[in-house]
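A.B. asks: Read the sequence shown against our numbering and you will find it ends at 401, with the numbers running on by one and no gaps. Note that the Cβ used here is the ideal one computed from N, Cα and C, for glycine as well.
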Amino acid sequence: ELLVVIAIIGLLVSMLLPAVNAARESARRTQCQNHLKQLGLAYLSHESALNHFPTGGWDWDQAPSYQGGNPHAGAKQRAGWGFQVLPYVEASAVWAAGAEIAIKTPQALFFCPSRRGPQTVFYTDNYDPPVRGGELEHALCDYAASNREGAGVTRRFAPVESRQLEDGHSTTLMLGEKRLNLSDLGEPQDDDNEGYTAGWNSDTIRRIDQSPRPDFHGDGDGDGLFGSSHAAGINTVWADGSVHLIQYDIEVSVFERLGVIDDGQPVEVQ
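Set out below in structure tokens:
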């Protein structure tokens with residue numbers, strides 16, 4: 132009889148585990164959506180305060196820039212959008228503390244819980260003074276702006292104003308999850324080493340000329356693509372602050388149009 136009871140318990144556990152795991156993933160996916168919602172609102176708050184959206188920064192080897200102890204804004208800021216939104220996500224102290232502090236301080240908001248918690252890596256940079264050269268600790272991120280093609284909301288050097296979104300805020304992709312190689316998670320990868328403060332590179336900017344793809348195990352990096360650890364697709368936030376799930380099988384032509392602000396071809400994804 133004891134063996135029968137044990138067998139029944141084992142059967143019940145095997146039946147319940149998938150449901151429990153599904154519930155946990157649903158909660159993690161919802162938390163990821165909430166992170167993107169807050170980042171989207173930070174973008175909009177930045178635009179409201181400074182009359183333009185955050186830029187994509189200058190380049191991967193440019194640290195956050197300051198003048199007289201105050202962070203640069205707009206085209207003068209060498210770091211990317213992740214650094215520029217810090218005052219609008221309750222991280223003003225990190226934003227104002229100096230480049231090395233900002234670079235190494237992880238922000239939980241920048242991570243998808245389905246993939247990982249807050250994480251840093253040590254990586255050797257060639258930053259310009261006053262930031263020291265050599266190995267530095269970098270806080271990473273799981274989200275990226277849409278604009279490797281130079282036609283989106285987040286642009287290199289030059290900031291975009293709200294009025295330039297001619298296709299409409301509610302049909303323009305702003306931020307989404309980035310694809311990563313899970314085999315090397317926690318190690319410096321070409322698209323996951325400079326961290327959330329990085330200027331114009333694949334740590335913080337991704338392509339729209341290919342559909343998003345799931346995370347993977349193997350060789351190489353995420354190939355500059357959007358992607359995630361979710362089974363159904365990627366979470367994204369659009370220029371009106373709304374959050375949407377984009378499925379992996381979205382047509383490339385539709386995905387491209389979502390990332391362009393003024394091509395006269397607004398598109399909605401159900």
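Less than 9 angstroms between the C-beta atoms of Asn312 and Gly351, yes or no?
C.D. replies: Cβ distance < 9 angstroms, so Asn312 and Gly351 count as in contact.
A.B. asks: What's the gap between the Cα of Gly265 and the Cα of Asp259?
C.D. replies: Roughly 11 angstroms between the two C-alpha positions.
A.B. asks: How close, in whole Å, do the beta carbons of Ser245 and His361 come, if the pair is a contact with beta carbons under 8 angstroms?
C.D. replies: Confirmed, Cβ separation roughly 6 angstroms.
A.B. asks: Would you call the segment 341 to 355 and the segment 227 to 234 in contact, with 3 or more CB pairs under 8 angstroms?
C.D. replies: Result no; under three Cβ-Cβ pairs closer than 8 angstroms.
A.B. asks: By the DSSP assignment, the beta strand (DSSP E) with Ile232 in it spans what residues?
C.D. replies: Where Ile232 is concerned, there is no enclosing beta strand (DSSP E), although the alpha helix (DSSP H) it sits in stretches over Ala230 to Lys235.
A.B. asks: Which residue comes first and which comes last in the alpha helix (DSSP H) that contains Glu268?
C.D. replies: Careful: Glu268 lies outside any alpha helix (DSSP H), inside the beta strand (DSSP E) at Gly265 to Ala270.
A.B. asks: Tell me the DSSP secondary structure of Ile392 in three-state form.
C.D. replies: Here Ile392 sits in coil by DSSP.
A.B. asks: For the beta strand (DSSP E) that Ser404 lies in, which residues bound it at each end?
C.D. replies: Because the chain in this structure spans residues 132 to 401, residue 404 falls outside the shown range and cannot be described.
A.B. asks: Which of the three DSSP states, helix, strand or coil, is assigned to Asp256?
C.D. replies: In the structure shown, Asp256 sits in a strand (DSSP, three-state: E or B).
A.B. asks: Along the chain, where does the alpha helix (DSSP H) containing Trp226 start, and where does it finish?
C.D. replies: Run containing Trp226: Ser223 to Ala227, per the alpha helix (DSSP H) assignment.
A.B. asks: Which residues does DSSP pair with Gly353 in a beta bridge?
C.D. replies: Answer is none; Gly353 lacks a bridge partner.
A.B. asks: So the alpha helix (DSSP H) Gly213 belongs to, where does it begin and stop?
C.D. replies: Segment Trp212 to Gln215, the alpha helix (DSSP H) holding Gly213.
A.B. asks: What are the boundary residues of the beta strand (DSSP E) that Leu306 is part of?
C.D. replies: Leu306 -> beta strand (DSSP E) spans Leu304 to Glu308.
A.B. asks: Are the beta-carbon atoms belonging to Tyr327 and Ala270 less than 9 angstroms from one another?
C.D. replies: Yes. Within cutoff.
A.B. asks: Helix or strand or just coil, what does DSSP make of Thr367?
C.D. replies: In this structure, Thr367 counts as strand in the three-state DSSP scheme.
A.B. asks: Just mark Val216 as buried or exposed, buried being the case when its beta carbon has 16 or more other beta carbons within 10 Å.
C.D. replies: Val216 should be labelled buried.
A.B. asks: Is it buried or exposed for Phe253, if we count other Cβ within 10 angstroms and need 16 for buried?
C.D. replies: The residue is exposed, with fewer than 16 neighbouring Cβ atoms inside 10 Å.
A.B. asks: In three-state DSSP terms, what is Ile339?
C.D. replies: Ile339: coil per DSSP, three-state reduction.
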